[in-house]
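One structure is given here, and the rest of the page talks about it.
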Amino acid sequence: MIPVFSKYMFGKRMTPAERLRKNQRSLDKAIRELDQLRVKLEKQEKTLIQQIKTSAQKGQMGACKIQAKDLVRTRRYIEKFYDMRTKIAMEFERENDIMEQRQEMMDDAIDDAMDVGAEEEGDEVVEQVLEEIE
């Protein structure tokens, strides 16, 4: 029997379902944070567009060029956030599939191990029944 302190020292072993749930929460949190940052960038994009228009109306072409570069940079960041979200979801899906395959293999191995013992016990029961009949 494992001493009680070792459970706290090494941490409780998580089942695959618990690990999956924990990873899903982490993934959801990361996606929410990415979405929040993306929304801020989209607001900044709208603000920059308005500032460019204002600068152009005032004839401030130097400021217009700087703001246009910021706008391009902001749009690239927005695209990167969309890409990151997609790649994170794809990576999680791939890892989830691998974990499910491992779980199935372990379940099959356990079932096979359990069936061997059950088969032997079944043979013994059949032998006993046959001996009783004779």
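Per the UniProt record's numbering, the sequence shown starts with residue 1, numbered consecutively.
Note that the Cβ used here is the ideal one computed from N, Cα and C, for glycine as well.
Under a three-way DSSP split, which group does residue i fall into?
{"i": "R13", "result": "coil"}
{"i": "Q101", "result": "helix"}
{"i": "E18", "result": "helix"}
{"i": "residue 138", "result": "With the chain covering 1 to 134 only, the question about residue 138 has no answer from this structure."}
{"i": "G122", "result": "helix"}
{"i": "Q24", "result": "helix"}
{"i": "Q44", "result": "helix"}
Quick check on residue i: buried or exposed, where buried means 16 or more other Cβ atoms within 10 Å of its Cβ?
{"i": "Q128", "result": "exposed"}
{"i": "L48", "result": "buried"}
{"i": "T74", "result": "buried"}
{"i": "Q67", "result": "buried"}
{"i": "S6", "result": "Confidence in S6 is poor, its pLDDT being 49 and thus under 50, which makes the residue's placement too unreliable to answer from."}
Express the C-alpha separation of residue j and residue i in angstroms, rounding to a whole number.
{"i": "D107", "j": "A17", "result": "13 Å"}
{"i": "K80", "j": "I52", "result": "23 Å"}
{"i": "V72", "j": "I110", "result": "57 Å"}
{"i": "G59", "j": "Q50", "result": "14 Å"}
{"i": "E54", "j": "F92", "result": "Checking the sequence shown, residue 54 turns out to be Thr, not Glu. Their backbone Cα atoms lie some 44 Å apart in a straight line."}
{"i": "R102", "j": "I31", "result": "26 Å"}
{"i": "L20", "j": "N96", "result": "8 Å"}
{"i": "A63", "j": "K43", "result": "19 Å"}
{"i": "K46", "j": "T15", "result": "47 Å"}
{"i": "M114", "j": "R25", "result": "34 Å"}
{"i": "V39", "j": "R76", "result": "14 Å"}
{"i": "E104", "j": "K22", "result": "20 Å"}
{"i": "K65", "j": "Y82", "result": "26 Å"}
{"i": "residue 135", "j": "E100", "result": "No statement about residue 135 is possible, as the shown extent of the chain runs from 1 to 134 and does not include it."}
{"i": "I98", "j": "D70", "result": "42 Å"}
{"i": "K87", "j": "R13", "result": "29 Å"}
Hey, residue i and residue j: beta-carbon distance below 7 Å or not?
{"i": "L37", "j": "I78", "result": "no"}
{"i": "M84", "j": "L34", "result": "yes"}
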